[in-house]
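In UniProt numbering, the protein residues as written are 1 to 320. Glycine residues also receive a C-beta, built at the ideal position from the N, C-alpha and C atoms. These numbers come from a predicted model, not from an experiment. Notes follow once the structure below has been shown.
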């Protein structure tokens, strides 16, 4: 289920606002980022370094191609197919499906185009907005896990605690988060953030006709069409996740309840003058956050409690 429209209908006009100049500048920035990375190639087998070298001779032609794609709102179909690779998580049993993280290897030239789009999205959010929620620290420039930890520290050592109050925390884990985000939620979120029409159009095409290929038991390559989620291993996937999940972080929470998020890792903190008051605030706050997660079509499957008594009662069923 997609979230309800967050912008008045009058602001949802799809006027063609044109494409600003500067694709060449975007491409040069993207090439520099590609040059600094050494990642496995996608289905075409061409490593990023090959495209860095080729860009010196093919730069103008490649810029022309990407400019035409932006103008037409078309993300080339070939670049939408990725090779699925499973990476085992440390300390997990090899025979458990949850022990593996799915990574999609995409063609480097497609990721180059993704970076052009991602850069423009970031520039719009920071310069025009609305920007992402202040308490989202994942996949954002000049923000890190250290910043998220410092934010938690500020919230847990603030005035309430100084006056002898209590702070409780509940960590929510989103099951199969990046592979489950509904595309309809991302599209609606782009409208809320007033992303220019040409960028909404190209992202909309990016989120159609996606597929992954993977080796079968007989050694042949199988193909599976995708209908939701953002590919792990892509450039555009992380910012699209942030944009889609932002609606959860903008919920109106009770006084004394805060959220700190790093990508999909969501921590709810509740303050109170007493243990009972903090637990009551937490119950109401977590219920609101979990309900928004549910309305996005995602699932929260695991909850870890932090407090002087990890078994404090939240008085509601949190698994959705």
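State the DSSP-derived secondary structure class of residue 215, mapped to helix, strand or coil. strand
How far does the beta strand (DSSP E) with residue 83 in it extend, from its first residue to its last? 81-88
Return the chain-ordered list of same chain residues with a C-beta closer than 7 Å to the C-beta of residue 51, the five sequence neighbours on each side being excluded. 34, 108, 109, 112
Reference residue 171; option with closest CA among 66, 267, 288: 267
Reduced DSSP secondary structure (H/G/I, E/B, other) of residue 151: helix
With DSSP run on the structure shown, which of helix, strand or coil describes residue 144? coil
Figure out for me which residue from 101, 79, 83 has the closest Cα to the Cα of residue 89. 101
Starting from residue 246, follow the alpha helix (DSSP H) in both directions and report where the run begins and ends. 237-249
Looking only at C-alpha atoms, which of 216, 217, 208 sits nearest to residue 229? 208
So, does the stretch 217-226 touch the stretch 146-157, judging by three or more C-beta pairs under 8 Å? no
Close Cβ partners of residue 222 (< 8 Å) along its chain, the five nearest in sequence each way excluded: 213, 214, 215, 216
Are there 16 or more other CB atoms within 10 angstroms of the CB of residue 264, so buried, or fewer, so exposed? buried
Residue burial classification, residue 29 (beta-carbon count within 10 angstroms, cutoff 16): exposed
Nearest-angstrom beta carbon gap, residue 168 and residue 279 [assumed within contact, 8 Å]: 6 Å
Kindly list the residues whose CB is nearer than 6 Å to the CB of residue 179, restricted to its own chain and excluding five residues on each side of it in sequence; keep chain order. 229
From residue 98 to residue 56, what does the alpha carbon distance come to, in whole angstroms? 43 Å
Among residues of its own chain, excluding the 5 on either side of residue 262, which ones have a beta-carbon nearer than 7 Å to its beta-carbon? 137, 138, 145, 148
Should residue 74 go down as buried or exposed, given a rule of 16 or more other Cβ atoms within 10 Å for buried? exposed
Is residue 132 near residue 252, with beta carbons less than 8 Å apart? no
By how many angstroms is the C-alpha of residue 258 removed from the C-alpha of residue 186? 24 Å
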